[in-house]
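Novice: Sharing a structure with you now.
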Amino acid sequence: MTTAQQTMTTQEIADRLVAMCRKGQILEAQEELFAEEVVSHEPAHSPTPIAIGKANVQEKGRRFAAMIEERRSGSFSDPIVGGNYFSIVCTLDATLKGVGKVVWDEICVFGVKDGKVISEQFFY
161 MTTAQQTMTT
171 QEIADRLVAM
181 CRKGQILEAQ
191 EELFAEEVVS
201 HEPAHSPTPI
211 AIGKANVQEK
221 GRRFAAMIEE
231 RRSGSFSDPI
241 VGGNYFSIVC
251 TLDATLKGVG
261 KVVWDEICVF
271 GVKDGKVISE
281 QFFY
């Protein structure tokens with residue numbers, strides 16, 4: 161089997177990421193699917209700074225998860241793939257420590273290269 165045959169396509173990565181997120185395996189999805197040099201961008205109004213590198217992106221995720229006091233609902237849409245990018249819609253209705261109740265509808269855009277997620281950007 162050649163290296164090209166072993167590399168997951170953007171669609172396969174998108175489908176796997178969504179399936180894992182729907183099971184609550186977000187950190188595991190990052191470990192499996194993200195490149196070491198992944199970059200995570202939040203909106204300009206977010207208090208969360210850019211995270212560079214898989215370990216920093218995972219730590220950002222752990223910090224966010226620790227902020228959740230109560231999760232009332234949430235969902236992940238099926239992915240839409242275009243070239244080396246895919247997007248999903250994430251929703252969250254939760255109470256966050258120090259923030260209070262939030263209801264988010266967010267567009268998440270992921271970039272893929274060489275069979276790994278190299279970027280994620282959130283719009284909310």
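Each residue of the sequence shown is one higher than the one before, counting from 161 in the numbering used here.
Quick reminder that beta carbons are idealized off the backbone N, C-alpha and C, glycines included.
As the structure is a prediction and not an experimental result, all values here were calculated from the model.
(1) Starting from Arg231, follow its DSSP beta bridges and name the residues at the other end.
(2) With Val259 as the anchor, note down where its alpha helix (DSSP H) starts and where it stops.
(3) Taking Glu197 as part of the beta strand (DSSP E), name the residues at either end of that continuous run.
(4) For Val263, which beta-bridge partners are listed by DSSP?
(5) Compute the beta-carbon to beta-carbon distance between Gly221 and Gln190, rounded to the nearest angstrom, for a pair I have assumed lies under 8 Å.
(6) Excluding the five sequence neighbours on either side, which residues of its own chain have a C-beta within less than 6 Å of the C-beta of Asp315, listed in chain order?
(7) Use the C-beta contact count for Lys214: other C-beta atoms within 10 angstroms, 16 or more gives buried, fewer gives exposed.
(8) Would a C-beta distance cut-off of 8 Å place Ile278 and Val272 closer than the cut-off?
(9) What is the rounded straight-line gap between the Cα of Ala195 and the Cα of Thr255?
Specialist: The short version:
(1) By one-based count along the sequence shown, residue 231 stands at place 71. Bridge partners of Arg231: Ala254.
(2) Here residue 259 is taken as the residue at index 99 of the sequence shown, counted from 1. Premise fails: Val259 is in no alpha helix (DSSP H) and is neither H nor E.
(3) Sequence index remark: in the sequence shown, residue 197 carries index 37 (1-based). First-last of the beta strand (DSSP E) with Glu197: Phe194 to His201.
(4) Mapped onto the sequence shown, residue 263 falls at position 103. Val263 is bridged to Asp253.
(5) Against the sequence shown, residue 221 aligns to sequence position 61. Against the sequence shown, residue 190 aligns to sequence position 30. Indeed they touch by this definition, with Cβ atoms about 6 Å apart.
(6) For the chain, the structure presents residues 161 to 284; residue 315 sits outside this window and is missing.
(7) Indexing the sequence shown from 1 puts residue 214 at position 54. With 16 or more Cβ atoms within 10 Å of its Cβ, Lys214 is classed as buried.
(8) Along the sequence shown, one-based indexing puts residue 278 at 118. Along the sequence shown, one-based indexing puts residue 272 at 112. Yes, they are a contact pair.
(9) Within the sequence shown, the letter at position 35 stands for residue 195. Within the sequence shown, the letter at position 95 stands for residue 255. Computed Cα separation, rounded: 31 Å.
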